[in-house]
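Residue numbers (UniProt numbering): 1 to 419.
As structure tokens, then:
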């Protein structure tokens, strides 16, 4: 093996992953002096055995890179058009001076008239221009006006709708939808069948659909820079969703998805995704942004981090007397109380005793996630109604890991009530 090949393998195997994490963190916060943050991130990654960048984050990063490259190329083209316009203008003025050296008044008038002309030609009316646009332009621009959207309805029986409804409820992508929006998405879903080895998404292609797996398994793979063979990243099982990155960021497909066995998928078109799913996510972010600012343990988070947490929230509504958490059960979710009141009760010597009260902005359920123990107490709704949001254990570890120490302080309250 040549030294060049050894160096490339070393960089790909040991250096690229942690550098990708550093770059992502730096781009998120954009500090004036990035050096301290770089050192901090590297120290955090020191000794980690697992891949510090999960597969969704890696593909998201690639999608953002592709979008950035496209925008840079587009900017270069626009700058080139402007430069060409200025050169043509100067050439015309030189020709005019050569033939009419004394006609300064006409030249001045022409300059004023030309200066008012936009440097880029306007498209002719009736011409269908469909360039790749940015995310914001695609979601809210003239090509996707709200009034232009008409829900797609793909005929299907109630049994099929129930299947889709069950699968969509397992995917975080659709947890922002209200009942009406949920039904619009179900109506728009189209059935896709794949044979073993068949490719549904190819890396680098443009994408117009996202997919939810009904049956079968699919392999996600990607060819990384410096490699000629694809690297297997993740296997999608029933209930899994993929393909949303190309729609969210309007970028080429970040990976290749191939059927391992016979598969049945549900496909959702770009237009419905933009007008229903993406809009619902935006509303959800706005709704929870102010709430998250009031949660003490999250007050150091920036706007991007709050949006990330809001995207992962699942919403729950309860009535007075309902048990949100039951003592002794295994825990998989951390709860934040949005509206209403609750209390923690614990069985002590055969009698239920109140050990804590909760109001809007408080959180509970962290003990089972941090200590990996059964629920330490019941959480009962006291107010007439209560609204809460929750994060799964995986989301908690990925998003809220740095605040574990703060959460552990609350656990001391439970310790004095142990039987």
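Positions of the beta carbon are idealized from the N, C-alpha and C atoms, including for glycine.
Expected contact under 8 Å - CB spacing of residue 427 and residue 152 to nearest Å: The structure shown does not extend to residue 427, since the chain is modelled only from 1 through 419, so no value can be given for it.
Using only the alpha-carbon positions, how far apart do residue 214 and residue 239 sit? Indexing the chain shown from 1 puts residue 214 at position 214. Indexing the chain shown from 1 puts residue 239 at position 239. Residue 214 and residue 239: Cα-Cα distance of roughly 6 Å.
What is the DSSP secondary structure of residue 33, counted as helix, strand or coil? In the chain shown, counting from the first residue as 1, residue 33 sits at position 33. Three-state result, residue 33: coil.
By Cβ distance below 6 Å, which residues in the same chain neighbour residue 241 in space, the five residues on each side in sequence not counted? Residue numbering aside, residue 241 sits at position 241 when the chain shown is read from its first letter. Answer for residue 241: 171, 173 and 212, listed in chain order.
Do residue 341 and residue 375 come within 8 Å of each other at the CB atom, strictly closer than that value? As a working mapping, residue 375 is identified with position 375 in the chain shown. As a working mapping, residue 341 is identified with position 341 in the chain shown. For residue 375 and residue 341, no; Cβs fall outside 8 Å.
Three-state secondary structure assigned by DSSP to residue 372: As a working mapping, residue 372 is identified with position 372 in the chain shown. In the structure shown, residue 372 adopts coil according to DSSP, grouped into three states.
Is the segment 284-295 touching the segment 303-315 in the sense that three or more CB pairs, one from each, lie closer than 8 Å? Yes: the two stretches touch, three or more of their Cβ pairs being nearer than 8 Å.
For residue 188, count neighbouring C-beta atoms within 10 Å of its own C-beta (all shown protein chains included) and say buried if the count is 16 or more, exposed if not. For the purposes of this step, residue 188 is taken as the residue at position 188 of the chain shown. With at least 16 other beta carbons inside 10 angstroms of its own, residue 188 counts as buried.
When you compare each of 384, 310 and 377 to residue 317 by their alpha carbons, which one comes out closest? In the chain shown, the residue the question calls residue 317 occupies position 317. It is 384.
With a cut-off of 8 Å on the beta carbons, I'd call residue 15 and residue 25 a contact; round off their distance for me. Position 15 of the chain shown, counting from 1, holds the residue named residue 15. Position 25 of the chain shown, counting from 1, holds the residue named residue 25. 16 Å between Cβ atoms; not a contact.
Residues near residue 113 in its chain [Cβ-Cβ closer than 7 Å; skip 5 each side]: Walking along the chain shown from the start, residue 113 turns up at place 113. Note on residue 113: pLDDT 40, under 50, position unreliable in the model; no value is reported.
So with Cβ pairs under 8 Å, would you call residue 252 a contact of chain D? Although the question refers to chain D, the structure presented lacks it and comprises just one protein chain.
Residue 196, buried or exposed, once every other Cβ within 10 Å from all chains shown has been counted against 16: Position 196 of the chain shown, counted from the start, is the residue given in the question as residue 196. Of the other Cβ atoms in all chains shown, fewer than 16 fall within 10 Å of the Cβ of residue 196; this residue is therefore exposed.
Classify residue 301 as helix, strand or coil using the three-state DSSP reduction. Within the chain shown, numbered from 1, the residue matching residue 301 stands at position 301. Residue 301: coil per DSSP, three-state reduction.
My assumption, with CB atoms under 8 Å, is that residue 164 sits in contact with residue 266. Please give the rounded CB distance. Along the chain shown, read from residue 1 onward, the residue named residue 164 stands at position 164. Along the chain shown, read from residue 1 onward, the residue named residue 266 stands at position 266. Contact between residue 164 and residue 266 holds: CB atoms are separated by about 5 Å, below the 8 Å threshold.
Which of the three DSSP states is assigned to residue 13 in this structure? Your numbering for residue 13 matches position 13 in the chain shown. Correct three-state label for residue 13: helix.
Endpoints, beta strand (DSSP E) assigned at residue 342: Residue numbering aside, residue 342 sits at position 342 when the chain shown is read from its first letter. Element bounds for residue 342: 342-348.
Beta strand (DSSP E) segments (min. 3 residues) lying fully within the UniProt domain "Cyclic nucleotide-binding" (173-294): Taking only runs of at least 3 residues, the beta strand (DSSP E) segments lying wholly in the UniProt domain "Cyclic nucleotide-binding" (173-294) are 190-194, 199-201, 209-215, 218-222, 231-236, 256-259 and 263-269.
Helix, strand or coil at residue 339 [DSSP, three-state]: As a first step, residue 339 must be located in the chain shown, where it is residue number 339. Residue 339 carries a strand assignment under DSSP once its states are collapsed to helix, strand and coil.
Quick one: give me the first and last residue of the beta strand (DSSP E) that residue 387 is part of. Indexing the chain shown from 1 puts residue 387 at position 387. Looking at the DSSP string, the run of the beta strand (DSSP E) that includes residue 387 is 385-392.
Note the first and the last residue of the continuous alpha helix (DSSP H) segment covering residue 159. For the purposes of this step, residue 159 is taken as residue 159 along the chain shown, with counting starting at 1. For residue 159, the enclosing alpha helix (DSSP H) stretches over residues 158-168.
Suppose you measure from the CA of residue 332 to the CA of residue 5; what does that come to, to the nearest Å? In the chain shown, residue 332 corresponds to position 332, counting from 1. In the chain shown, residue 5 corresponds to position 5, counting from 1. Cα to Cα, the separation comes out at about 45 Å.
Neighbourhood of residue 125 by C-beta distance below 8 Å, restricted to the same chain and skipping five residues each side: On the chain shown, position 125 is the one that residue 125 refers to. Interpretation of residue 125 is limited by its pLDDT of 39, a score under 50 that renders its predicted location unreliable; the figure taken from the coordinates is listed afterwards. None.
Beta strand (DSSP E) containing residue 327: first to last residue? Start at 1 with the first residue of the chain shown, and residue 327 comes out as number 327. The continuous stretches of beta strand (DSSP E) do not include residue 327, and DSSP gives it neither H nor E.
Which class does residue 2 belong to by DSSP, given the choice of helix, strand or coil? Within the chain shown, the letter at position 2 stands for residue 2. Judged by DSSP in its simplified three-state form, residue 2 adopts coil rather than helix or strand.
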